[in-house]
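Residue numbers (my numbering), protein chains in the order written: chain A, 2 to 115; chain B, 2 to 115; chain C, 2 to 115; chain D, 2 to 115. Glycine included, every Cβ here is placed at the ideal spot set by N, Cα and C. Quantities reported herein were computed from a predicted structural model and do not represent experimental measurements.
There are 4 protein chains.
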Amino acid sequence: MAFDDHDYSTVVANIRAFVQEREWEPFHDPKNLAMAVVSEAGELAAELRWVPGHDADAHCKDPAHREAIADEVADVAITLFMLADRIGLDLRAAMTRKLEKNRAKYPVEAWRGR
Amino acid sequence: MAFDDHDYSTVVANIRAFVQEREWEPFHDPKNLAMAVVSEAGELAAELRWVPGHDADAHCKDPAHREAIADEVADVAITLFMLADRIGLDLRAAMTRKLEKNRAKYPVEAWRGR
Amino acid sequence: MAFDDHDYSTVVANIRAFVQEREWEPFHDPKNLAMAVVSEAGELAAELRWVPGHDADAHCKDPAHREAIADEVADVAITLFMLADRIGLDLRAAMTRKLEKNRAKYPVEAWRGR
Amino acid sequence: MAFDDHDYSTVVANIRAFVQEREWEPFHDPKNLAMAVVSEAGELAAELRWVPGHDADAHCKDPAHREAIADEVADVAITLFMLADRIGLDLRAAMTRKLEKNRAKYPVEAWRGR
Numbered sequence: 002m003a004f005d006d007h008d009y010s011t012v013v014a015n016i017r018a019f020v021q022e023r024e025w026e027p028f029h030d031p032k033n034l035a036m037a038v039v040s041e042a043g044e045l046a047a048e049l050r051w052v053p054g055h056d057a058d059a060h061c062k063d064p065a066h067r068e069a070i071a072d073e074v075a076d077v078a079i080t081l082f083m084l085a086d087r088i089g090l091d092l093r094a095a096m097t098r099k100l101e102k103n104r105a106k107y108p109v110e111a112w113r114g115r
Numbered sequence: 002m003a004f005d006d007h008d009y010s011t012v013v014a015n016i017r018a019f020v021q022e023r024e025w026e027p028f029h030d031p032k033n034l035a036m037a038v039v040s041e042a043g044e045l046a047a048e049l050r051w052v053p054g055h056d057a058d059a060h061c062k063d064p065a066h067r068e069a070i071a072d073e074v075a076d077v078a079i080t081l082f083m084l085a086d087r088i089g090l091d092l093r094a095a096m097t098r099k100l101e102k103n104r105a106k107y108p109v110e111a112w113r114g115r
Numbered sequence: 002m003a004f005d006d007h008d009y010s011t012v013v014a015n016i017r018a019f020v021q022e023r024e025w026e027p028f029h030d031p032k033n034l035a036m037a038v039v040s041e042a043g044e045l046a047a048e049l050r051w052v053p054g055h056d057a058d059a060h061c062k063d064p065a066h067r068e069a070i071a072d073e074v075a076d077v078a079i080t081l082f083m084l085a086d087r088i089g090l091d092l093r094a095a096m097t098r099k100l101e102k103n104r105a106k107y108p109v110e111a112w113r114g115r
Numbered sequence: 002m003a004f005d006d007h008d009y010s011t012v013v014a015n016i017r018a019f020v021q022e023r024e025w026e027p028f029h030d031p032k033n034l035a036m037a038v039v040s041e042a043g044e045l046a047a048e049l050r051w052v053p054g055h056d057a058d059a060h061c062k063d064p065a066h067r068e069a070i071a072d073e074v075a076d077v078a079i080t081l082f083m084l085a086d087r088i089g090l091d092l093r094a095a096m097t098r099k100l101e102k103n104r105a106k107y108p109v110e111a112w113r114g115r
């Protein structure tokens, strides 16, 4: 089946339509979008800054916080997909290539449990 | 065809294997991953901080910078997918829901070109 | 005169009192404060993300935006001074040392205008 | 005594000279500097992202990490002072004003220990 939980084509189309309908392309140069990514990432960090690390899993599953956290994760993702789309980057391929680099940089034997 | 540019299932599986092989789950609580997201977002911002906005599109397509920028975008994405996976969040669904909220928050008529 | 625009002793004392009165020390470990710094930095970035670089000086002086920007700059500074105080770091000395390193890293002859 | 640990006038003069000698003013518009602040804040976050909160105080005092952390805190501060100087902001006064707002926003009685 082409369309499942991991198929992001409709999300990408939605994001593009969202930007085009508002005629926001002039504001969405890659520099501005990179700034938007860090702003949104900062909001995500704000959700967890005072939460102890050992409570963070439970905090993220707590219905009292779940939606806010999901929204912040989503905002970072939306902005990042906007940026990838703007610069013509196949994000999936870029992630695969970078994971290969990370595998080479952090060999399992040397980095297990570190 | 199930497997195309927008199918992220293999990327998600790759990311999960990358973490498990290195036994990094104890370090990957959601708070630490949120901090990692902002760190990676900061590295992305670093790539564009001195580039004028009107040169940013060309800069991102310039072969001299392309790979570095693709790698930074990918690092943010990888870390964000790690976080979504850790907290059991369907990132695609979260993005779709948040886009709906953003549509409501920024009505086309009021926000066109602003 | 001991007390002038560049004497931060009263600000540091104010910050410390602000934290102590609220009994926030348990939340203010250095990790949490570093996360707070990036959150506040993200809010500062948000103020300027859609402003073209060539308008940014005027934007920051525009009374319509001045207070918001001053507040965001101040929030980053307050959080950073909290962190320095928490870890017993003489921030002024650390800045002086780092500037010396930066001078060595970026020699004038090689980096003029770049 | 005018010159003590809390007198930042020489640091501000040093920062200004550092920028002027390299003729970096054209790159240092407030937007670029705000991006630089978030980049540096991201590097600071990177120093602590995998450190458990309860080890963070000791980690920051450990000679093996002390200099790196001091340097990252200093880099955020230097960039923030650059930004304040660029926009003609009296940072000390801005911090004092913002602390007053924060006192009003978080009354002691309501926020003690929270």
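Practice task
Kindly list, in the order they appear in chain C, the residues whose Cβ is closer than 7 Å to that of Pro53 of chain B.
Solution key: Against the second sequence, residue 53 of chain B aligns to sequence position 52. Gly54, listed in chain order.
Handout entry: Residues near Glu73 of chain B by beta carbon distance below 6 Å, same chain, minus five either side
Key = Working through the second sequence from its first residue, we reach residue 73 of chain B at position 72. Excluding residues within five positions, the ones whose Cβ falls inside 6 Å are Glu44, Leu45, Glu48.
Exercise for the section: For Val39 of chain C, decide whether its Cβ has a neighbour in chain B, counting only Cβ atoms nearer than 8 Å. Expected result: Locating residue 39 of chain C in the third sequence gives position 38, counting from the first residue. Judged by the 8 Å Cβ criterion, Val39 of chain C is in contact with chain B.
Handout entry: The alpha helix (DSSP H) enclosing Glu26 of chain C, as first and last residue numbers
Key = In the third sequence, residue 26 of chain C corresponds to position 25, counting from 1. Careful: Glu26 of chain C lies outside any alpha helix (DSSP H) and carries neither H nor E.
Exercise for the section: Output the distance between the C-alpha atoms of Val77 of chain A and Lys32 of chain A, rounded to the nearest integer angstrom. Expected result: As a position in the first sequence, residue 77 of chain A is number 76, starting the count at 1. As a position in the first sequence, residue 32 of chain A is number 31, starting the count at 1. Those two C-alpha atoms are separated by around 15 Å.
Exercise for the section: Look at the alpha carbon of Val20 of chain A and the alpha carbon of Ala14 of chain A, and state the distance between them as a whole number of angstroms. Expected result: Translated into the one-based positions of the first sequence, residue 20 of chain A becomes position 19. Translated into the one-based positions of the first sequence, residue 14 of chain A becomes position 13. When rounded, the distance between both Cα atoms is 10 Å.
Exercise for the section: Classify Asp63 of chain A as helix, strand or coil using the three-state DSSP reduction. Expected result: As a working note, residue 63 of chain A is residue 62 in the first sequence. Here Asp63 of chain A sits in coil by DSSP.
Problem - Extent of the continuous alpha helix (DSSP H) run through Leu49 of chain A - result: Walking along the first sequence from the start, residue 49 of chain A turns up at place 48. 31 to 49 is the span of the alpha helix (DSSP H), which, as asked, contains Leu49 of chain A.
Problem - Whole-angstrom C-beta distance between Ala71 of chain C and Ala95 of chain D, which should lie under 8 Å - result: Reading the fourth sequence from its first residue, position 94 is the one you call residue 95 of chain D. Reading the third sequence from its first residue, position 70 is the one you call residue 71 of chain C. Right, the Cβ-Cβ distance comes to about 5 Å (below 8 Å), so this counts as a contact.
Problem - Which listed residue (C:Ser40, C:Asn103, C:Leu92) has its alpha carbon closest to that of Asp8 of chain C - result: Start at 1 with the first residue of the third sequence, and residue 8 of chain C comes out as number 7. When each option's Cα is compared against that of Asp8 of chain C, the closest is C:Leu92.
Problem - Own chain residues within Cβ distance below 7 Å of Val38 of chain D, not counting five before or after - result: Along the fourth sequence, read from residue 1 onward, the residue named residue 38 of chain D stands at position 37. Once the five neighbours on either side are set aside, the close Cβ partners of Val38 of chain D are Val77, Thr80, Leu81, Leu84.
Handout entry: Residues that DSSP places opposite Asp8 of chain B in a beta bridge
Key = On the second sequence, residue 8 of chain B is found 7 positions in, with the first residue counted as 1. Asp8 of chain B is bridged to A:Asp8.
Exercise for the section: Would you please verify whether the beta carbon of Lys32 of chain B is less than 8 Å from any beta carbon of chain A? Expected result: Counting from one through the second sequence, the residue named residue 32 of chain B turns up at place 31. Closer than 8 Å to some Cβ of chain A, the Cβ of Lys32 of chain B qualifies, so yes.
Problem - Chain-ordered neighbours of Glu44 of chain A on chain C, where CB pairs are closer than 9 Å - result: As a position in the first sequence, residue 44 of chain A is number 43, starting the count at 1. Near Glu44 of chain A (Cβ distances below 9 Å), the residues of chain C are Ser40, Gly43, Glu44, Ala47.
Practice task
Measure the alpha-carbon distance for Lys99 of chain A versus Val12 of chain B and round it to whole angstroms.
Solution key: The sequence position of residue 99 of chain A within the first sequence is 98, counting from 1. The sequence position of residue 12 of chain B within the second sequence is 11, counting from 1. The alpha-carbon separation between Lys99 of chain A and Val12 of chain B amounts to approximately 11 Å.
Handout entry: Nearest-angstrom Cα separation, counted from Lys102 of chain A out to Pro64 of chain C
Key = Reading the third sequence from its first residue, position 63 is the one you call residue 64 of chain C. Reading the first sequence from its first residue, position 101 is the one you call residue 102 of chain A. Distance between the alpha carbons of Pro64 of chain C and Lys102 of chain A is about 48 Å.
Exercise for the section: Using a Cβ cut-off of 8 Å (strictly closer), state whether Met83 of chain C contacts chain B. Expected result: By one-based count along the third sequence, residue 83 of chain C stands at place 82. It does not; no Cβ of chain B falls within 8 Å.
Problem - Cut-off 8 Å between Cβ atoms - residues of its own chain near Ile16 of chain A, not counting five sequence neighbours on either side - result: In the first sequence, the residue the question calls residue 16 of chain A occupies position 15. Answer for Ile16 of chain A: Ile79, Phe82, Met83, Asp86, listed in chain order.
Handout entry: Leu90 of chain C versus His29 of chain B: straight-line alpha-carbon distance, rounded
Key = For the purposes of this step, residue 90 of chain C is taken as the residue at position 89 of the third sequence. For the purposes of this step, residue 29 of chain B is taken as the residue at position 28 of the second sequence. Leu90 of chain C and His29 of chain B: Cα-Cα distance of roughly 29 Å.
Problem - Contacting residues, own chain, Cβ-Cβ under 8 Å from Ala57 of chain A (five flanking each side not counted) - result: The residue labelled residue 57 of chain A in the question sits at position 56 within the first sequence. Excluding sequence neighbours, Ala57 of chain A sits near Leu49.
Exercise for the section: Please check if any C-beta of chain C sits within less than 8 Å of the C-beta of His7 of chain D. Expected result: Counting from one through the fourth sequence, the residue named residue 7 of chain D turns up at place 6. By this cut-off, His7 of chain D is an interface position.
Handout entry: Close Cβ partners of Ala42 of chain C (< 8 Å) along its chain, the five nearest in sequence each way excluded
Key = Taking the third sequence and counting its residues from 1, one reaches residue 42 of chain C at position 41. Cβ within range, chain order: Val77.
Practice task
Examine chain B for any beta-carbon lying closer than 8 Å to the beta-carbon of Lys106 of chain C, and answer yes or no.
Solution key: Within the third sequence, residue 106 of chain C is the residue found at index 105, counting from 1. Not closer than 8 Å to any Cβ of chain B, the Cβ of Lys106 of chain C fails to qualify, so no.
Problem - Boundaries of the alpha helix (DSSP H) in which Arg98 of chain C is found, first to last residue - result: Stepping through the third sequence from its first residue, residue 98 of chain C is reached at position 97. Where Arg98 of chain C is concerned, the enclosing alpha helix (DSSP H) stretches over 92 to 106.
Exercise for the section: Return the chain-ordered list of same chain residues with a C-beta closer than 8 Å to the C-beta of Ala3 of chain D, the five sequence neighbours on each side being excluded. Expected result: Residue 3 of chain D sits at position 2 when you count from the first residue of the fourth sequence. Caution is warranted here: a pLDDT of 42 is assigned to Ala3 of chain D, below 50, making its placement in the model unreliable, and the coordinate value is therefore given only provisionally. Nothing meets the Cβ criterion.
Handout entry: CA-to-CA distance, His66 of chain A to Lys106 of chain A, given in whole angstroms
Key = Along the first sequence, one-based indexing puts residue 106 of chain A at 105. Along the first sequence, one-based indexing puts residue 66 of chain A at 65. About 35 Å.
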